[in-house]
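What follows is a set of notes on a single structure, which appears directly below.
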Amino acid sequence: GESVNTDAADKEDQVDNVILAGSTYVASLTGQSYSAAAGGTNTAVFSVESFLGKKDFFFAANLNTADAERMGISGTERDFNALEFNTKDYLRGQFGNDAKKPIPMSAALRDVESPTNPVSGLTALTKSEVRLERCFARIDITPQAEIGSAYGLAYITPYDFKITGIRIVNVPAKFSVGGPIANYDLKHAANATDYDYLAYDLPVGTPTENFTGLVRTYPTISIYVPENFVSHPVFGSADFNGMTYLEISYTSQWGTEGPRSEYPDPQSGKCYYRIGEAKQGTQYYGQIRRNTVYKCSFKLGEKFDDSNPTMRRLNGRVLN
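Here the sequence shown stands for residues -14 to 305, numbered as in the numbering used here.
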């Protein structure tokens, strides 16, 4: 990236360690500031065996000890690309991890020319800037919910929506430093043990209520998840096709008079919001890719001008 260990608020550029594929040496940068723009105050130095011509080098950052050891014995590009790690070990604020746990990163340094005067069979790389890229994406979730205007009247029910929970589903349980794991959904179908999915609850904060605009706005939730490349992404279908999505739990009020008196007060339900590149015709349509920010904003509610009760219930609805 452009900076290392300068983001005190979100620690998105936090780098605790860097390892070179094929090297057992782990360079520690914990808590030390490094800015490429400022020329750098801290540098990771690796010595490598002498070579002729040009060579590619591959790096990863913020790996735990066991994963760093695996990285250290993966000297070729093929080995590097084949490395897969457990998502649970790196998810911020989940599965016992710190809320600001450093995000896994990786980089490739290509076409490095051999030095003219190697010493004792070893040399120091002179091409210094390695642009680390986060292996995870960031998802910013901004939930809203409609507040009803004429409370208790049957013709505008349901009303007064309240979000009671948000759960993220179909998070790949494995990720790769070398690039996305292709067709993760097919790998899961073939071997759910090795290519499992994770699901976990997200924190829903206290909303601010705007009775003029008739909306509750909940605090934005920012999370970091690994890439998810699926074979057949489709928005709006009942089948999620392995795509990562949000499961939103809610309650709403219902009138007790009129033709829909059979609905209790309140009514609870769930609806769903899938996450991925939404622009059709692009290379990453429907996928979640690394080092990308996805904005998920939705307003939970219902059209009040439709008298069809089957259209008025949100339970089980796919929002996108």
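Just so it is clear, CB atoms sit at the ideal spot from N, CA and C, and this is done for glycine as well. Bear in mind that the values here come from a model prediction, so they are computed numbers and not experimental data.
Would the beta-carbon of residue i fall within 9 Å of that of residue j?
i: A93; j: F42; result: yes
i: R116; j: F214; result: no
i: G261; j: Y235; result: no
i: I153; j: Y230; result: yes
i: D125; j: T205; result: yes
i: A(-7); j: N2; result: no
i: Y209; j: T191; result: no
i: K320; j: D96; result: This structure leaves residue 320 out entirely; the chain is present only between -14 and 305.
i: V156; j: Y182; result: yes
i: T72; j: K159; result: yes
i: E118; j: I166; result: no
i: N168; j: G221; result: no
In the DSSP assignment, find the beta strand (DSSP E) that holds residue i and state where it starts and stops.
i: A122; result: 121 to 131
i: K284; result: 278 to 285
i: A184; result: 182 to 187
i: K172; result: K172 -> not in any beta strand (DSSP E); alpha helix (DSSP H) instead, spanning 169 to 175.
i: Y203; result: Taken as a continuous stretch (DSSP letters only), Y203 belongs to no beta strand (DSSP E), as it is neither H nor E.
i: K264; result: Looking at the DSSP string, K264 is not in any beta strand (DSSP E), and its letter there is neither H nor E.
i: E194; result: 193 to 195
i: S161; result: 159 to 161
Out of curiosity, what's the CA-to-CA distance linking residue i and residue j?
i: E(-3); j: T277; result: 12 Å
i: I233; j: D74; result: 25 Å
i: G271; j: H173; result: 17 Å
i: R63; j: L199; result: 55 Å
i: T26; j: V219; result: Its pLDDT being 49, under 50, T26 is placed unreliably by the model, and the measurement read from it follows with that caveat. Those two C-alpha atoms are separated by around 47 Å.
i: A53; j: K284; result: 43 Å
i: I58; j: N66; result: 13 Å
i: N195; j: A46; result: 44 Å
i: F121; j: A223; result: 27 Å
i: S216; j: I88; result: 26 Å
i: E69; j: F225; result: 24 Å
i: Y257; j: Y180; result: 23 Å
i: L187; j: A177; result: 24 Å
i: R201; j: G286; result: 11 Å
i: F44; j: G150; result: 39 Å
i: G7; j: A184; result: 34 Å
i: S207; j: A130; result: 18 Å
i: S51; j: L171; result: One detail in the question is off: residue 51 reads as Ala in this sequence, not Ser. Using only the alpha carbons, I get a separation of about 28 Å.
i: R259; j: I148; result: 17 Å
i: R55; j: T9; result: 9 Å
What three-state label does DSSP hand residue i in the structure shown?
i: N66; result: helix
i: E(-3); result: coil
i: T383; result: Since the first residue of the chain shown is -14 and the last is 305, residue 383 is not available in this structure.
i: T50; result: helix
i: L94; result: strand
i: A45; result: strand
i: D83; result: coil
i: L37; result: coil
i: N2; result: strand
i: G16; result: Bear in mind that a pLDDT of 44 at G16, under 50, signals an unreliable position, so the model cannot answer this.
i: G254; result: strand
i: D309; result: Past the boundaries of the shown model lies residue 309; the chain is included only from -14 to 305, so the question cannot be answered.
i: N305; result: coil
i: G150; result: strand
i: L138; result: Bear in mind that a pLDDT of 49 at L138, under 50, signals an unreliable position, so the model cannot answer this.
i: S105; result: Confidence at S105 is low in this model, with a pLDDT of 47, below 50, so its placement is unreliable and no value can be given for it.
Would you say residue i reaches chain B, if we count a Cβ-Cβ gap shorter than 9 Å as a contact?
i: I166; result: As a matter of chain content, chain B is missing from the structure shown, which is built from one protein chain.
Drop a sphere of 10 angstroms on the beta-carbon of residue i, count the other beta-carbons inside from all chains shown, and report buried for 16 or more, exposed for fewer.
i: G91; result: According to the sequence provided, residue 91 is Ser. The question's Gly does not apply to it. Its Cβ being crowded by 16 or more others within 10 Å, S91 is buried.
i: Q265; result: exposed
i: P128; result: buried
i: K86; result: buried
i: Q(-1); result: buried
i: I4; result: buried
i: G81; result: exposed
i: L48; result: buried
i: S105; result: With a pLDDT of 47 at S105, under the threshold of 50, the modelled position of that residue is not reliable, and the figure given next carries that caveat. With fewer than 16 other Cβ atoms within 10 Å, it is exposed.
i: D(-5); result: exposed
i: Q268; result: exposed
i: L76; result: buried
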